[in-house]
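Report on one structure; see the data block that follows.
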Amino acid sequence: MQSIKMVTTYLYTRYERFWHWLQMVLIFLLLITGFEIHGIYALMGFKKAVDIHNFVGITWLIAFAFFVFWVFTTGEWKQYVPTTKKLFAVIRYYGYGIFKGEPHPVPKQKGAKHNPLQRLTYLSLAAMLLPVQMITGILYWTYNLWEGWGLGFLSLQFVALIHMVGAFFVLTFVVVHVYMTTTGHTIFAHIKAMITGWEDIEEGVEIEDWEKASRRGVPEAVPAEKG
Amino acid sequence: MRLKFRRVLHMVSLLGIFSLFIAPIPSFAKHEPEAPGLELARQAVKAEKRPTTADHSQFKALQQAFTSGPEISKACISCHTKAADQVKETLHWTWLDPNSPKDNQKGKAGYSLNNFCISANGMHDHHCNECHIGWSAEGKKTQIDCLRCHGQKKINWEEVFEDYKYFMQSNDPEEKALAKEAQAEIQEAAQSVGRPTRKNCGSCHFSGGGGDGVKHGDLDPSLINPNRELDVHMGYDGQDFDCIRCHTTVAHKVAGRIYGTPASQTRHSLLEHDMEPRIMCESCHSDKPHKTGGKLNDHTDKVACQACHVPEIAKVLPVQVWWDWSRAGKKKEGKPYEVNGPLGKPAYQSTRGETKWKKNVIPKYFWFNGSIQGVTAKDMIDPSKMVKLAWPEGSKNDKNARIFPFNVHMGKQPYDTVNKTMAVPLLSGEHGYWTTFDWKDSIERGARYLDLPFSGKIDFVKTGYVFPSTHMVSPKEEALECHQCHTRHAGRLADLAGFYMPGRDRFKLIDIAGWAIVLCSLGGIVFHALGRVFTNGRKKKE
Numbered sequence: 113m114q115s116i117k118m119v120t121t122y123l124y125t126r127y128e129r130f131w132h133w134l135q136m137v138l139i140f141l142l143l144i145t146g147f148e149i150h151g152i153y154a155l156m157g158f159k160k161a162v163d164i165h166n167f168v169g170i171t172w173l174i175a176f177a178f179f180v181f182w183v184f185t186t187g188e189w190k191q192y193v194p195t196t197k198k199l200f201a202v203i204r205y206y207g208y209g210i211f212k213g214e215p216h217p218v219p220k221q222k223g224a225k226h227n228p229l230q231r232l233t234y235l236s237l238a239a240m241l242l243p244v245q246m247i248t249g250i251l252y253w254t255y256n257l258w259e260g261w262g263l264g265f266l267s268l269q270f271v272a273l274i275h276m277v278g279a280f281f282v283l284t285f286v287v288v289h290v291y292m293t294t295t296g297h298t299i300f301a302h303i304k305a306m307i308t309g310w311e312d313i314e315e316g317v318e319i320e321d322w323e324k325a326s327r328r329g330v331p332e333a334v335p336a337e338k339g
Numbered sequence: 102m103r104l105k106f107r108r109v110l111h112m113v114s115l116l117g118i119f120s121l122f123i124a125p126i127p128s129f130a131k132h133e134p135e136a137p138g139l140e141l142a143r144q145a146v147k148a149e150k151r152p153t154t155a156d157h158s159q160f161k162a163l164q165q166a167f168t169s170g171p172e173i174s175k176a177c178i179s180c181h182t183k184a185a186d187q188v189k190e191t192l193h194w195t196w197l198d199p200n201s202p203k204d205n206q207k208g209k210a211g212y213s214l215n216n217f218c219i220s221a222n223g224m225h226d227h228h229c230n231e232c233h234i235g236w237s238a239e240g241k242k243t244q245i246d247c248l249r250c251h252g253q254k255k256i257n258w259e260e261v262f263e264d265y266k267y268f269m270q271s272n273d274p275e276e277k278a279l280a281k282e283a284q285a286e287i288q289e290a291a292q293s294v295g296r297p298t299r300k301n302c303g304s305c306h307f308s309g310g311g312g313d314g315v316k317h318g319d320l321d322p323s324l325i326n327p328n329r330e331l332d333v334h335m336g337y338d339g340q341d342f343d344c345i346r347c348h349t350t351v352a353h354k355v356a357g358r359i360y361g362t363p364a365s366q367t368r369h370s371l372l373e374h375d376m377e378p379r380i381m382c383e384s385c386h387s388d389k390p391h392k393t394g395g396k397l398n399d400h401t402d403k404v405a406c407q408a409c410h411v412p413e414i415a416k417v418l419p420v421q422v423w424w425d426w427s428r429a430g431k432k433k434e435g436k437p438y439e440v441n442g443p444l445g446k447p448a449y450q451s452t453r454g455e456t457k458w459k460k461n462v463i464p465k466y467f468w469f470n471g472s473i474q475g476v477t478a479k480d481m482i483d484p485s486k487m488v489k490l491a492w493p494e495g496s497k498n499d500k501n502a503r504i505f506p507f508n509v510h511m512g513k514q515p516y517d518t519v520n521k522t523m524a525v526p527l528l529s530g531e532h533g534y535w536t537t538f539d540w541k542d543s544i545e546r547g548a549r550y551l552d553l554p555f556s557g558k559i560d561f562v563k564t565g566y567v568f569p570s571t572h573m574v575s576p577k578e579e580a581l582e583c584h585q586c587h588t589r590h591a592g593r594l595a596d597l598a599g600f601y602m603p604g605r606d607r608f609k610l611i612d613i614a615g616w617a618i619v620l621c622s623l624g625g626i627v628f629h630a631l632g633r634v635f636t637n638g639r640k641k642k643e
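Protein sequence lines, in the order shown, are assigned to chains A and B.
For my numbering, count along the first sequence from 1 and bump the result up by 112.
For my numbering, count along the second sequence from 1 and bump the result up by 101.
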């Protein structure tokens with residue numbers, strides 16, 4: 113195995129990291145309180161769980177609006193454009209190549225931090241699962257107003273069902289996502305990157321055209337030698 | 102160092118900006134009144150009790166010598182000229198539900214049945230008439246007893262009139278003096294009148310069914326002088342409400358439910374309609390009684406206030422929960438007998454059968470639109486099922502129905518096996534069951550009074566009866582907590598089906614599938630991780 117030269121690159125901007133960890137806290141709180149509301153366990157009591165869940169849910173909604181703003185104004189949305197190109201290569205890598213010590217088929221680069229599998233996952237998450245959770249969550253919360261909104265045909269049972277299905281998907285995502293952070297070149301490399309913003313990435317790997325994203329608003333890569 | 106400090110500063114300011122957007126949620130709530138309904142209720146009780154402009158001891162009409170009750174009532178009516186006509190229109194006098202069909206009219210004077218003394222046999226059972234507001238057990242044939250509701254001094258009228266008449270006939274000055282004393286007592290009681298107190302209403306409503314706390318569970322003599330713990334409105338150390346504070350009265354018509362007719366068809370607060378009766382909780386508390394910003398006010402469209410705020414009934418005195426007439430009539434050495442049970446209440450009486458009592462009863466919950474319906478003596482029954490003599494109306498889809506707590510009383514009563522109707526035995530008096538212990542004869546007599554057929558063949562059937570639990574409102578600290586209903590296991594609303602309730606309900610398949618996916622991914626991860634550990638180890642060796 114020939115060794116690849118690593119270069120420390122600024123990959124995640126301050127806002128991005130803040131958004132990530134804020135979202136982590138919010139999702140964690142929502143899962144803990146949500147499953148209590150669902151009657152799985154009694155931790156803080158139903159009332160407190162509901163109050164926290166509702167408050168955190170609204171908070172997340174507001175924070176999500178900032179994320180949407182950020183993703184579009186910075187052009188970061190391009191990093192979420194889905195592709196099937198090399199998708200199966202990535203799947204093959206995680207299912208097989210990783211055990212053989214093969215290199216990642218789509219390594220992280222500034223301007224293309226998501227591999228095709230991540231693109232698909234994060235797009236589904238940000239554009240489908242989370243909005244569905246938010247919409248069903250808001251409906252759940254505003255149950256008493258349905259009549260006035262002309263939504264009288266809805267049933268709480270249905271909304272609760274969708275919200276619950278979404279919750280299980282979110283939990284599954286969290287489980288897998290946390291594990292996947294350990295698949296970097298060291299166990300904590302990815303986590304460290306999401307804290308500091310700097311990640312060791314392979315040097316000299318060309319970003320292919322399809323991966324390219326506008327890097328407006330994102331600082332230029334700074335060489336490894338920091339002050 | 103400097104750079105790092107700046108970065109931290111940026112982070113903090115970013116957080117600050119964020120919290121500016123997130124913070125409005127709780128701070129909006131702060132500007133609203135703590136609980137809109139609480140404010141309203143406080144206003145409603147700001148003024149002291151209504152003052153009176155009349156001292157009845159000054160009235161000439163009440164200073165005459167009375168020889169009978171009806172004479173006192175005549176004196177009352179000589180000033181309150183419309184009172185008698187008003188009273189005779191009311192349920193308190195007629196014992197007939199004006200809103201039920203004439204051919205099957207409800208009411209104790211009609212065909213209504215209850216789970217206790219069964220039927221009043223068209224007011225021919227004189228024992229029942231003790232609670233009628235006339236001067237004697239003759240029912241509507243006598244003069245109205247104004248003092249039953251308005252008298253503030255309770256005396257034994259029968260005895261004192263007897264004494265007075267007896268001693269008046271005597272020429273003995275000592276006995277004459279006794280007569281004068283008796284008359285003074287009569288006059289004092291006749292002059293001590295006022296608006297009805299808890300004691301007045303309670304003299305019948307706290308002891309219905311032939312004893313203290315037999316019937317309601319939320320109404321018994323403990324409410325004559327309750328503390329705040331027992332009832333937050335009536336407590337002497339609370340608001341000290343009399344019954345009529347909520348059961349507002351217009352022309353002697355007392356606000357309240359009449360059989361199938363709800364106590365109020367609207368849930369307006371006094372701010373919306375200041376002439377509304379105050380019979381509903383909403384009248385004073387509005388339909389937004391709780392702090393804004395939470396979820397509690399969102400419940401008031403489907404959950405009655407009482408459901409959470411009357412968490413328990415029969416808090417001081419026991420309430421009867423079971424009355425089995427089929428066991429009545431047993432004798433010991435040819436004589437009727439009684440067996441005392443727990444809680445100082447009878448477990449068996451030859452006259453009544455088997456009874457069970459309970460204290461600190463947790464109510465049962467039903468959808469309730471304010472109307473209570475039940476089988477009458479004229480209705481056909483299905484003896485294979487429990488016969489509902491009084492049962493709440495309403496369902497989940499009924500716009501006016503809410504979840505409401507009830508005291509449920511069960512029993513066993515005789516029915517006519519041929520006509521498939523409930524039997525209506527006459528109980529008191531020389532021909533009543535309590536004297537003769539003869540079901541057939543007493544039922545035949547009772548049926549005759551109501552002009553009903555009786556085949557002569559009887560058996561016993563299970564009967565059910567409900568009372569809405571609306572009194573004995575606990576202080577707010579003791580109201581139900583969310584989790585007492587919103588729980589997977591054995592919650593208070595565990596039996597109330599037909600709607601989805603968070604915390605209680607779930608889709609079993611979704612839950613199973615959901616957990617399966619989560620567990621599978623966990624398992625996959627463990628495998629994957631082990632695989633990595635294993636292969637990496639091999640790689641190093643190469």
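The C-beta atom is built at its ideal place from N, Cα and C for all residues, glycine as well.
Output yes if chain A places a C-beta closer than 8 Å to the C-beta of residue i; else output no.
i, result
"E579 of chain B", "no"
"R249 of chain B", "no"
"L197 of chain B", "no"
"R368 of chain B", "no"
"F608 of chain B", "yes"
"G644 of chain B", "This structure gives no information on residue 644 of chain B, because the portion of chain B shown stretches from 102 to 643."
"T350 of chain B", "no"
"E135 of chain B", "no"
"G138 of chain B", "no"
"V462 of chain B", "no"
"R634 of chain B", "Here residue 634 of chain B is Val; the residue named in the question, Arg, does not match the sequence. So no, V634 of chain B is outside the interface."
"H353 of chain B", "no"
"G615 of chain B", "yes"
"V109 of chain B", "no"
With a threshold of 16 other CB atoms inside 10 Å of the CB of residue i, please say whether the residue is buried or exposed.
i, result
"M523 of chain B", "buried"
"F635 of chain B", "exposed"
"I299 of chain A", "exposed"
"G207 of chain A", "exposed"
"K131 of chain B", "Bear in mind that a pLDDT of 49 at K131 of chain B, under 50, signals an unreliable position, so the number given afterwards is only what the model happens to contain. Classification of K131 of chain B: exposed, given that the 10 Å Cβ count is below 16."
"K438 of chain B", "First, the residue type needs correcting, since residue 438 of chain B is Tyr and not Lys in the sequence shown. Label assigned to Y438 of chain B: exposed."
"R231 of chain A", "buried"
"E128 of chain A", "buried"
"L631 of chain B", "exposed"
So, under 8 Å CB-CB, residue i and residue j are touching, yes? Tell me the CB distance rounded to an integer number of Å.
i, j, result
"H226 of chain A", "Q191 of chain A", "5 Å"
"K207 of chain B", "T477 of chain B", "7 Å"
"I504 of chain B", "K403 of chain B", "6 Å"
"W426 of chain B", "G394 of chain B", "About 53 Å; that fails the 8 Å criterion."
"S570 of chain B", "V411 of chain B", "5 Å"
"Q245 of chain A", "V282 of chain A", "7 Å"
"R346 of chain B", "D338 of chain B", "Incorrect: roughly 16 Å between the Cβ atoms, too far for contact."
"G357 of chain B", "L324 of chain B", "So it is not a contact: roughly 15 Å between Cβ atoms."
"I152 of chain A", "F158 of chain A", "So it is not a contact: roughly 12 Å between Cβ atoms."
"I219 of chain B", "W194 of chain B", "In fact, because the Cβ distance is near 22 Å, the residues do not count as touching under 8 Å."
Within the 8 Å Cβ cut-off, does residue i reach chain B?
i, result
"Q269 of chain A", "yes"
"N227 of chain A", "no"
Run through chain C and tell me which residues come within less than 7 Å of residue i, C-beta to C-beta.
i, result
"I149 of chain A", "Annotation note: the requested chain C is absent from the structure, which comprises protein chains A and B."
When you measure from the CB of residue i to every non-hydrogen atom of the ligand SAM, does any distance come out below 7 Å?
i, result
"H391 of chain B", "This structure lacks the ligand SAM; in fact it carries no ligand of any kind."
Which parts of the stretch 349-432 of chain B are runs of the alpha helix (DSSP H), unbroken and 4 residues or longer, counting only runs that do not cross its ends?
The qualifying runs are 382-386 and 406-410.
Could I get the ranges of all uninterrupted alpha helix (DSSP H) runs contained in the stretch 172-208 of chain A, with 4 residues as the minimum, in chain order?
With a minimum length of 4 residues, the continuous alpha helix (DSSP H) runs that stay inside the stretch 172-208 of chain A are 199-204.
Any C-beta of chain A within less than 7 Å: which residues of the stretch 589-606 of chain B qualify?
Hits within the stretch, in order: R589, Y601, P603, G604 and R605.
What are the residues in the stretch 390-419 of chain B lying within 8 Å of chain A by C-beta distance?
If the cut-off is 8 Å between Cβ atoms, the stretch 390-419 of chain B has G395, K396, D399 and D402 near chain A.
Which of the residues in the stretch 276-297 of chain A, read from start to end, lie with their CB under 7 Å from any CB of chain B?
Interface annotation for the stretch 276-297 of chain A against chain B: M276, V277, F280, L283, T284, V287, V288 and Y291, criterion Cβ-Cβ distance under 7 Å.
Taking a Cβ distance cut-off of 9 Å, strictly less, list which residues of the stretch 362-387 of chain B are near chain A, in chain order.
Those would be none; no residue qualifies.
Quick one, which residues of the stretch 480-514 of chain B are near chain A if we go by CB-CB under 8 Å, in chain order?
Listed in sequence order: no entries.
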